[in-house]
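**Q**
There are 2 protein chains.
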Amino acid sequence: MLRNSASDVPRRRGRPPAGGREAILAAALELLRERGIARVTAREVAALAGVSEASVFYHYKDRAGLLRAVFEQGLQPLKELAESVARAGPDLHQVLVRYAITLEQFLDQALPVMAAAQSDVALRDAMAEYMTEQDLGPHRGVAALGDFLAAEQAAGRVRAEVDPHATAMLFVGACYTRAAQRQMPAHVAELPSLEEVIDAFEALLAPA
Amino acid sequence: MLRNSASDVPRRRGRPPAGGREAILAAALELLRERGIARVTAREVAALAGVSEASVFYHYKDRAGLLRAVFEQGLQPLKELAESVARAGPDLHQVLVRYAITLEQFLDQALPVMAAAQSDVALRDAMAEYMTEQDLGPHRGVAALGDFLAAEQAAGRVRAEVDPHATAMLFVGACYTRAAQRQMPAHVAELPSLEEVIDAFEALLAPA
DNA sequence: GTCTATAGGTTGATAGAC
DNA sequence: GTCTATCAACCTATAGAC
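Chains C and R, in that order, are what the protein sequence lines are. Under my numbering, think of the first position of the first sequence as 246, with each following residue one higher. Under my numbering, think of the first position of the second sequence as 246, with each following residue one higher.
1. Do you know how far the Cα of residue 447/C is from the Cα of residue 340/C?
2. How about residue 304/C and residue 435/R: do their beta carbons lie closer than 8 angstroms?
3. Where in the segment 257-319 of chain R do unbroken runs of the alpha helix (DSSP H), each at least 4 residues long, occur, reported from the N-terminal end onward?
4. Taking the Cβ atom as the reference point for each residue, do residue 422/R and residue 344/C lie within a distance shorter than 8 angstroms?
5. Residues of chain C with CB under 7 angstroms from residue 290/R, in chain order?
6. Contact check, residue 281/C vs residue 363/R under 8 angstroms by CB: the rounded distance?
7. Counting contacts by CB-CB distance shorter than 8 angstroms, is residue 335/R in contact with chain C?
8. May I ask you to verify whether the segment 381-397 of chain C touches the segment 407-419 of chain C, counting CB pairs closer than 8 angstroms and requiring at least 3?
9. Could you list which residues in chain C have their beta carbon closer than 7 angstroms to that of residue 431/R, in chain order?
10. Of all Cβ atoms in chain R, is any one closer than 8 angstroms to the Cβ of residue 402/C?
11. Can you list, in chain order, the residues of its chain whose CB lies under 7 angstroms from that of residue 266/R, leaving out five sequence neighbours each side?
12. Can the beta-carbon of residue 452/C be found closer than 8 angstroms to that of residue 404/C?
13. So which of 312/C, 417/C and 355/C has the shortest CA-CA distance to residue 371/C?
14. Going along the chain, which unbroken runs of the alpha helix (DSSP H) with 4 or more residues stay wholly within the segment 377-403 of chain C?
15. Nearest-angstrom Cα distance between residue 263/C and residue 275/C?
16. State buried or exposed for residue 252/C, treating a residue as buried only when at least 16 other CB atoms are found within 10 Å of its CB.
17. Using a cut-off of 7 angstroms between C-beta atoms, extract the partners of residue 417/R located in chain C.
18. Among the residues of its own chain, which have a CB less than 8 angstroms from the CB of residue 297/C, if the five just before and after it don't count?
19. Between the beta-carbon of residue 408/C and the beta-carbon of residue 445/R, is there less than 8 angstroms?
20. Please classify residue 443/R as buried or exposed, where buried requires at least 16 other C-beta atoms within 10 Å of its C-beta.
21. Within 8 angstroms (strictly less), CB to CB, does residue 357/R reach chain C?
22. Could you give the distance in angstroms between the alpha-carbon of residue 306/R and the alpha-carbon of residue 315/R?
23. Spell out whether any CB of chain C is found under 8 angstroms from the CB atom of residue 350/R.
24. Using 8 angstroms as the threshold, is the C-beta distance between residue 426/R and residue 382/C below it?
25. So residue 361/R is in the alpha helix (DSSP H); what residue range does that whole segment cover?
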């Protein structure tokens, strides 16, 4: 599925890597998202990646090793979040839009992976350890947005009574909830749209 | 563990139920929350419930049937949420406190169950169907709080520019995020406390 | 690095006695 | 309703050849 065909990079000595390792990881992530972690077995991963079962164990030692790699890959894009706020223009509205879209996109990818880690204590602990090491978590997003709001407040563009970080929490929470609802395949009733949430949030912040 | 001792209800025909069914359900829910769905095997459930493995299949037909029962049990308390808002006093602050606490308590119980359902497509679909039937989901909480805010607004106790439902979404989201973070065993950094969030939210709503 | 073959262990589910 | 005993299916992981 994702195996390399002949590419144009300069030849190296020895047998070229066939890309099996990457194909296995990609297959595992795809299976995890589409069919749930219970289906991430060496057999199914190998079949989807187009390699043998033994190859899975050769590259990742055991199932836990494979899943750990899947987690790290799945949580990767979070690191771009803080930068996204910094990169955006000085306009509050622009920042909120960019921030919300980036956060929800990340969550759409990461939530299935995080939910999967809850399926077993060992996995849960492994991911917790990883998130602690890397200092990942919602507090990151809250801090980034909170700092920005504090700066806006200092510039007089946000009401003085506002608590920047507690307020950032409200906004992050709305994005989180929307993303979480999207994970449930059958959500009949709609939540407020992103535009409505952003508009409502801005209206609350605006100085009189 | 939860087996009946002699009770005072009038005698029925035939062999009285020994309480095995309830013990099995309770054991499955406990295992699910504490060790993850992967450990919810007939063997472990039976051991914890103090019954035989065959008994599990007798009462719930198959694994899917047992897990479906666990979901229904785990999502039960949600129905009390809307009532909780209605029951609370007329004071905005009181309502927010009561609402947030009720919602977070519910989520602490329900989130592990919802995450577990993501572990396999079949379970995921089964729970989605159940939630659709029962019209469960975050929109319920948003609607309940939004309606209340709209009433407060009509009474002049909330700023006129506020969009009640989009704003309710912000508040629900903050509770959701706090509860979700609690699910991750190792959250080093703190999020804003419930008091801070409630105070910030009230400050945003207050008329000038 | 990748394969085939297989060991060794769990699991879901059924049969049949009590 | 509950038990013991059992089985086929499936899983992780290793050994050893290429």
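By construction, the Cβ of each residue, glycine as well, lies at the ideal position given by its N, Cα and C atoms.
**A** Taking the coordinates as given:
1. Start at 1 with the first residue of the first sequence, and residue 340/C comes out as number 95. Start at 1 with the first residue of the first sequence, and residue 447/C comes out as number 202. Straight through space, the alpha carbons of residue 447/C and residue 340/C are spaced by roughly 11 angstroms.
2. Counting from one through the first sequence, the residue named residue 304/C turns up at place 59. Counting from one through the second sequence, the residue named residue 435/R turns up at place 190. Remark: C-beta atoms of residue 304/C and residue 435/R do not approach each other more closely than 8 angstroms.
3. The alpha helix (DSSP H) runs lying completely inside the segment 257-319 of chain R and spanning 4 residues or more are 265-280, 287-294 and 298-305, given in chain order.
4. Counting from 1 along the second sequence, the entry for residue 422/R is found at position 177. Counting from 1 along the first sequence, the entry for residue 344/C is found at position 99. It is not a contact, given that the beta carbons lie outside the stated cut-off.
5. Counting from one through the second sequence, the residue named residue 290/R turns up at place 45. The contacting residues do not exist; residue 290/R stays about 16 angstroms from chain C at best.
6. Residue 281/C sits at position 36 when you count from the first residue of the first sequence. Residue 363/R sits at position 118 when you count from the first residue of the second sequence. For residue 281/C against residue 363/R, the beta-carbon gap comes to about 6 angstroms, under 8 angstroms, which counts as contact.
7. Here residue 335/R corresponds to residue number 90 of the second sequence, with the count starting at 1. It does not; no Cβ of chain C falls within 8 angstroms.
8. Yes: the two stretches touch, three or more of their Cβ pairs being nearer than 8 angstroms.
9. To locate residue 431/R, count along the second sequence from 1; it is residue 186. Per Cβ cutoff of 7 angstroms: 373, 374, 376 and 377.
10. Position 157 of the first sequence, counted from the first residue, corresponds to residue 402/C. Using beta-carbon distances, residue 402/C does not count as an interface residue toward chain R, since no partner is under 8 angstroms.
11. For this step, residue 266/R is matched to residue 21 along the second sequence. Answer for residue 266/R: 304, listed in chain order.
12. Counted from its first residue, the first sequence places residue 452/C at position 207. Counted from its first residue, the first sequence places residue 404/C at position 159. A contact, by the Cβ cut-off of 8 angstroms.
13. On the first sequence, position 126 is the one that residue 371/C refers to. Residue 371/C has its Cα closest to that of 312/C, out of 312/C, 417/C and 355/C.
14. If we require 4 residues or more, the alpha helix (DSSP H) runs fully inside the segment 377-403 of chain C come out as 383-399.
15. Within the first sequence, residue 263/C is the residue found at index 18, counting from 1. Within the first sequence, residue 275/C is the residue found at index 30, counting from 1. Looking at the two C-alpha atoms, the distance is approximately 20 angstroms.
16. As a working mapping, residue 252/C is identified with position 7 in the first sequence. With a pLDDT of 42 at residue 252/C, under the threshold of 50, the modelled position of that residue is not reliable, and the figure given next carries that caveat. With fewer than 16 Cβ atoms within 10 Å of its Cβ, residue 252/C is classed as exposed.
17. Translated into positions along the second sequence, residue 417/R becomes position 172. Proximity of chain C to residue 417/R at the Cβ level (cut-off 7 angstroms) is accounted for by 422, in chain order.
18. Counted from its first residue, the first sequence places residue 297/C at position 52. 291, listed in sequence order.
19. Here the question's residue 408/C lines up with position 163 in the first sequence. Here the question's residue 445/R lines up with position 200 in the second sequence. It is a contact, given that the beta carbons lie within the stated cut-off.
20. Within the second sequence, the letter at position 198 stands for residue 443/R. Label assigned to residue 443/R: buried.
21. Stepping through the second sequence from its first residue, residue 357/R is reached at position 112. So yes, residue 357/R belongs to the interface.
22. To locate residue 306/R, count along the second sequence from 1; it is residue 61. To locate residue 315/R, count along the second sequence from 1; it is residue 70. Approximately 14 angstroms between the Cα atoms of the pair.
23. By 1-based counting over the second sequence, the position of residue 350/R is 105. For residue 350/R, the answer is no, since every Cβ of chain C falls outside 8 angstroms of its Cβ.
24. Within the second sequence, numbered from 1, the residue matching residue 426/R stands at position 181. Within the first sequence, numbered from 1, the residue matching residue 382/C stands at position 137. Closer than 8 angstroms, so yes.
25. Position 116 of the second sequence, counting from 1, holds the residue named residue 361/R. Annotation: the continuous alpha helix (DSSP H) that includes residue 361/R extends over 337-361.
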